[in-house]
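Accompanying notes for the structure given below.
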Amino acid sequence: MTIDFNDKSLLSASASGDLEQVRMLLDKKVSIQYKDEFGQTALMQSVLSNHFAITEFLLKEGSNPNHKDSTGLSPFIAAGANGFSASLKLMTRYSADVNSVNRFGGTALLPSSEKGYVKTVQYCLEAGVPVNHINKLGWTALHEAVVLGDGGHLYALVIRLLLEAGADFQIKDRQGLSSHDHAQMRDQTRIIELFKNGASDDTPLENKLFFLYKKEAYDEALNVIENALSAGENLNKLSFWKGLILQEIKEFNRAIAAYSKGIRDDKQFYFYIANCYRLMGKAEEALQTFDKATKENPETSFFQYHKSNYLREIGRHLEAIVVMDQLLENSSNRTDYLFHKANSLRALEKHNEAIQAMNIAIHYDASSDLFKEHKNLSIKLIKVSKKN
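Going by the UniProt record's numbering, the residue at position 126 of the sequence shown is 126; the numbering climbs one at a time, nothing skipped.
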């Protein structure tokens, strides 16, 4: 195979997971800090593609975990937003800026809380990411986990971690609503109990599994789960815990089998299964799972919203826009939906339509600088494209 020893080759090798080629290119003095037209470095490519070995190698060679691309995303925040907990933890050893924010004004903790990435949330908190940081929408990590979560087992764990780290559920967003208010509006009974009593209502078994999960004693946790199942303990909760532990050790097929046992009584398990497929790189299976969940639960926007997140993650922006438009039909004043739609439109270079989306967001929240900034960004990109 012929290798082009140029800077762009380093990015493609990092994205494809070719560690040997990455080594060879750096030996030939290809620039490790080279940026493509989107401002992305080889480190960002390896993080987004979840190639841990290459991420580790590039960090050892001096790549910067804090460099931001043209969208304001750094490798550290990208790892948090995608739930790549091992890469995120690794970057904290290479001077990652835990206070760094994305275009929403959110730290790595906020998108990981939004998407239910429990281990990533744990690592963010252990690294010192501020637990009560407020983004440009006026949301904290608790707001993200409540408003964009489903109040089930997974998000209860996220919220428990946040509360233990000192999260304040009375902080109000730009609409004057606290995360406690949002939980009440959504009838998230388990979350309201956590706000009121902490983890005091949990059973000794749940507390033990939570403790073992945090210290990553996964074999011991699985033994506890099997013994509890044999004793006839709660199948639903144990199916969740078993799936979560197996997912952490990358036994994805076994995790899916465990989660599948909970679906009959609890449709949130579809989300857990979709995330397993996502981590396996099985996009179509993940999307089909989201669609099945939506069909069986048409009353909730949860599955559609997280499907749109995934579509953006894998670069299928046209489909993401279709989903966002469906969500906006029932919630036309959701400025976060409009922001996500505008980002997908911008990725497709549909800048005039992105401006229209931001104008609608400004109509609903005229005091927010976020939407004005991104409207101006689209205007700037139009001018640049005309010059070219």
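By construction, the Cβ of each residue, glycine as well, lies at the ideal position given by its N, Cα and C atoms.
For the set G72, T41, A81, N82, the Cα lying nearest the Cα of S63 is the one of T41. In the assembly as shown, D187 is an exposed residue. Its beta-carbon has fewer than 16 other beta-carbons within 10 Å. Per the coordinates, the alpha-carbon of D369 lies some 37 Å from the alpha-carbon of I273.
K380 has its alpha-carbon roughly 48 Å from the corresponding atom of I263. Beta-bridge pairing by DSSP links K172 to S178.
Assigned with DSSP and collapsed to three states, K380 falls in helix. The residues L11, S14, A15, in chain order, have a CB closer than 6 Å to that of Q45 in the same chain once the five nearest residues on each side in sequence are set aside. I249 is classed as exposed because its beta carbon has fewer than 16 other beta carbons within 10 Å across all chains shown. The distance from the Cβ of N102 to that of L73 is about 6 Å, consistent with a contact at the 8 Å cut-off. Our two residues, N236 and G149, have alpha carbons roughly 19 Å apart in a direct line. Put simply, of N275, N343, K350 the residue whose alpha carbon is nearest the alpha carbon of A361 is N343. Distance from the CA atom of L377 to the CA atom of I77, rounded to whole angstroms, is 21 Å. Nearest to L48 by alpha-carbon distance, out of E114, G83, A320, is G83.
Judged by pairs of C-beta atoms under 8 Å, the segment 148-163 touches the segment 108-117, as three or more such pairs exist. Around the beta-carbon of R93, fewer than 16 other beta-carbon atoms lie within 10 Å, marking it exposed.
Residues of the same chain with a CB within less than 6 Å of the CB of K68, apart from the 5 flanking positions on each side, are S74 in chain order. Comparing C-alpha distances from G106 to each of K119, K89, N132, Q356 shows the shortest one belongs to N132.
When only Cα atoms are considered, K387 and F104 end up about 29 Å apart. Where N135 is concerned, there is no enclosing alpha helix (DSSP H), because DSSP gives it neither an H nor an E. T335 and K214 have their C-alpha atoms some 35 Å from each other. With respect to A221, L229 sits apart: the two C-beta atoms are not nearer than 9 Å. For the pair H340 and N223, the Cα-to-Cα distance works out to about 42 Å. A residue is called buried when at least 16 other Cβ atoms come within 10 angstroms of its Cβ; A366 does not meet this threshold and is exposed.
Using a 10 angstroms sphere on the CB of H363, the tally of other CB atoms stays under 16, which defines it as exposed. Ranked by Cα distance from L279, the first of S332, L125, V30, E251 is E251. In this structure, Y123 places its C-beta atom within 9 Å of the C-beta atom of L88.
Residues of the same chain with a CB within less than 8 Å of the CB of N333, apart from the 5 flanking positions on each side, are Y364 in chain order. Boundaries of the alpha helix (DSSP H) around I321: 317-330.
If you draw a 10 Å sphere on the C-beta of L43, you find 16 or more other C-beta atoms in it, and that means buried. The DSSP-derived three-state label of V101 is coil.
Ranked by Cα distance from G281, the options L25, K372, K35, H51 are led by H51.
Residue environment: G176 is assigned as exposed (fewer than 16 neighbouring CB atoms within 10 Å of its CB, all protein chains considered). When the beta-carbon positions are compared, T140 and I191 stay at least 9 Å from each other. G80 counts as buried, since no fewer than 16 other beta carbons sit within 10 angstroms of its beta carbon.
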